[in-house]
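To start, the structure itself, in structure tokens.
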Amino acid sequence: MMDDEHSESVDMVMRLLGETPELTTGEIENAMMLEGTDCPDGAAKTLMRLKTKGVLKSRLDPARKGWVWSVK
1463 MMDDEHSESV
1473 DMVMRLLGET
1483 PELTTGEIEN
1493 AMMLEGTDCP
1503 DGAAKTLMRL
1513 KTKGVLKSRL
1523 DPARKGWVWS
1533 VK
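Quick note: the sequence shown, position 37, residue 1499 per my numbering, numbers continuous.
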């Protein structure tokens, strides 16, 4: 079961990717920091957890110098 902080970070990631179809890990981390949302495990771990569950997909984008995330 997810705690409130974890659920908040998942909700934030899903909202961000709903507003902007593709974001890098860094862009997601920056947006979460600006809005004051704390990821207990860090944004990267939250993103990987959602990818493992089949909610998100990612690809390496050399032009953006990092992983780009989107909703499946």
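Backbone N, C-alpha and C define an ideal beta-carbon position, used for all residues, glycine too.
Strand pairing of LYS1519, partner residues [DSSP]: DSSP, once it has assigned bridges, lists SER1532 as partnering LYS1519.
Strand pairing of THR1486, partner residues [DSSP]: Looking at the DSSP assignment, THR1486 forms a beta bridge with VAL1530.
Of the listed residues GLU1489, SER1520 and LYS1527, nearest to LYS1534 (C-alpha basis): Selected option, being the one with the closest Cα: SER1520.
GLU1497 in three-state terms, based on DSSP: Three-state DSSP puts GLU1497 in coil, outside helix and strand.
Cβ-based burial, ALA1505 [other Cβ within 10 Å; buried from 16]: Around the beta carbon of ALA1505, 16 or more other beta carbons sit within 10 angstroms, so the residue counts as buried.
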